[in-house]
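With mature numbering (1 follows the signal peptide of the UniProt record, and there is no 0) as the guide, the letters of the sequence shown map in order to residues -25 to -1, 1 to 280.
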Amino acid sequence: MRKSLALILSAGLLLSLAACSGSPAAPDCSTATPSGDSSEAITATGDLGADPAATFPFPLVAEQAERSVLIPGSGDLVGPGSTVVANYTVYDGETGAAAGAPQSTALVVADSLPDGLRNGLLCTSAGERVAIVLPNDQATAIFSGATGSVVMVFDITSTFPRAATGADQPAQAGFPSVVHDSNGRPGITIVSGDTPTDAKSALLKKGEGTVVAKGDSIIVQSLAVSYATPDKVVSSTWEDGTPKLWAMSDTPSTGSSSTTPPGITPFLVGQTVGSEVLVVLPDASGGSATAYVVDILGILPTASN
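Shown next as structure tokens:
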């Protein structure tokens, strides 16, 4: 009854890597899914990150979503819009059977998820094992063929905040204006004038996290606006609802989750996690320049590191 859970990173990459991220403000946990009799009946004896070997009395029937922490985590709490990297195992509430081996995923804690799952991941933290029970009406939104309640056991590997968490830096002359809403989402204003012909960057927020190195893969939020059409957004992870994985290499690969803009890597290598960087890149063929606002949320080192 398994259905894909909106992956943003390749499973093989997630299974093997540790992560570094900045420190966001503590979220409001008042809407987090509460525990209940069903979730409290679940036990799991497997090692964290391996098959949890969860058991519970069945049939397990939940009228509403429930969540129980089986192994407490540490570090920053997951807030709305955060990305959670985890291994998860699905169990049929009617039979107690696992619906397959543990899977690796990265989920954005967003409204696109069923309420019980979204709020079940809210206020979790890295190193935590959490059991979430979804009633059938929410389970069928994710898993085809679910005929009853579904149990999901998540082992949370790492978490990334919604937006850059660094300290604001003084504005620099000669760059577009950038403003933010209350959630940290940026907007770019490009004034009329000559189109830049040289690549350049300005630090908007200074993070206190790990320094980005060449060869790293970074989790980013990004916004791009062209000087040719400054009233239109070229691309935005904020609009897409999914952060991206960018490879910091001279010839970055591209794909559904990795679309590193050519020429941007030198301006991000050496920056710190939690930083926000404004990068202006002229078109290599002599066309219009593009302004990028990049929030560096975290680092996934390459497997060779």
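Every residue, glycine too, gets a C-beta built ideally from N, C-alpha and C.
Alpha-carbon spacing of residue i relative to residue j, whole angstroms
i: SER148; j: ILE165; result: For the sequence presented, residue 148 should be read as Ala rather than Ser. About 12 Å.
i: GLY68; j: THR185; result: 42 Å
i: residue 305; j: LYS189; result: No answer is possible for residue 305: the residues shown for the chain start at -25 and end at 280.
i: ALA28; j: SER211; result: 40 Å
i: ALA174; j: PRO257; result: 6 Å
i: ALA(-8); j: CYS98; result: At ALA(-8) the pLDDT is 38, less than 50, meaning the model places this residue with poor confidence; the figure from the coordinates comes in the next sentence. About 20 Å.
i: ARG42; j: VAL248; result: 31 Å
i: ALA16; j: PHE31; result: 6 Å
i: ILE107; j: LEU275; result: 27 Å
i: ALA85; j: SER224; result: 30 Å
i: THR204; j: VAL255; result: 14 Å
i: VAL36; j: ILE239; result: 51 Å
i: LEU45; j: LYS180; result: 37 Å
i: ALA116; j: GLU251; result: 35 Å
i: CYS4; j: TRP221; result: 31 Å
i: SER119; j: ALA74; result: 12 Å
i: TYR63; j: ARG137; result: 22 Å
i: LEU23; j: SER79; result: 13 Å
i: GLY102; j: ASP143; result: 30 Å
i: PHE242; j: PRO77; result: 38 Å
Residue from the options with nearest C-alpha to residue i
i: ALA61; options: VAL83, SER263, GLU41, THR185; result: VAL83
i: residue 282; options: VAL209, SER260, ALA142, LEU96; result: The chain is shown from -25 up to 280; residue 282 falls before or after that span and cannot be answered.
i: VAL195; options: LYS219, VAL65, LYS181; result: LYS219
i: VAL269; options: GLY11, GLY162, SER87, SER43; result: GLY162
i: GLY123; options: ALA72, PRO205, GLY216; result: ALA72
i: GLU183; options: VAL108, LEU272, ASP3; result: LEU272
i: SER10; options: VAL105, ASP130, GLY48; result: VAL105
i: PHE33; options: TRP221, LEU243, GLY21, SER14; result: SER14
i: SER57; options: THR18, PHE135, ASP156; result: PHE135
i: GLU214; options: SER87, VAL59, THR64, TYR66; result: SER87
i: PRO2; options: LEU52, GLN39, ASN111; result: LEU52
i: SER152; options: ALA142, VAL59, LEU253, GLY216; result: LEU253
i: VAL59; options: VAL44, PHE129, ALA142; result: PHE129
i: VAL244; options: ALA259, VAL187, VAL209; result: VAL187
i: ALA264; options: PHE242, VAL200, THR240, ALA40; result: VAL200
i: ASP206; options: ALA266, PRO110, ALA37; result: ALA266
i: residue 298; options: ALA142, ILE131, THR140, SER260; result: Summary: the structure shown does not reach residue 298, with the chain confined to residues -25 through 280, and so no result is reported for it.
i: ALA40; options: THR8, THR217, THR18, GLY21; result: THR8
i: ASN94; options: GLY102, LEU109, ALA101; result: LEU109
For residue i: DSSP bridge partner residues
i: VAL248; result: None, per the DSSP bridge assignment.
i: THR265; result: SER201, LEU256
i: GLN78; result: TYR63
i: TRP213; result: DSSP output for TRP213 lists no bridge partner at all.
i: MET127; result: VAL65, ILE107
i: residue 289; result: No information on residue 289 is available, as it lies outside the stretch -25 to 280 that the chain covers here.
i: PHE135; result: THR58
i: THR8; result: BP columns for THR8 are empty, so no partner.
i: ASP143; result: LYS180
i: THR18; result: THR30
i: VAL208; result: VAL200
Buried or exposed (CB count within 10 angstroms, at least 16 for buried), residue i
i: ASN158; result: exposed
i: ALA177; result: buried
i: SER167; result: exposed
i: VAL154; result: exposed
i: VAL125; result: buried
i: PRO89; result: buried
i: ASP156; result: exposed
i: GLY262; result: exposed
i: ASP12; result: exposed
i: GLY91; result: buried
i: GLU38; result: exposed
i: SER260; result: exposed
Opening and closing residue of the alpha helix (DSSP H) in which residue i lies
i: ARG93; result: 90 to 96
i: SER13; result: 12 to 15
i: ALA114; result: 111 to 114
i: PRO241; result: 240 to 243
Boundaries of the beta strand (DSSP E) in which residue i is found, first to last residue
i: SER152; result: 152 to 155
i: LEU178; result: 175 to 181
i: PRO161; result: 161 to 164
i: ILE46; result: 41 to 46
i: ALA28; result: First-last for ALA28: undefined, no H or E at that position.
i: ASP222; result: The displayed chain sequence assigns Ala, not Asp, to residue 222. 219 to 222 is the span of the beta strand (DSSP E), which, as asked, contains ALA222.
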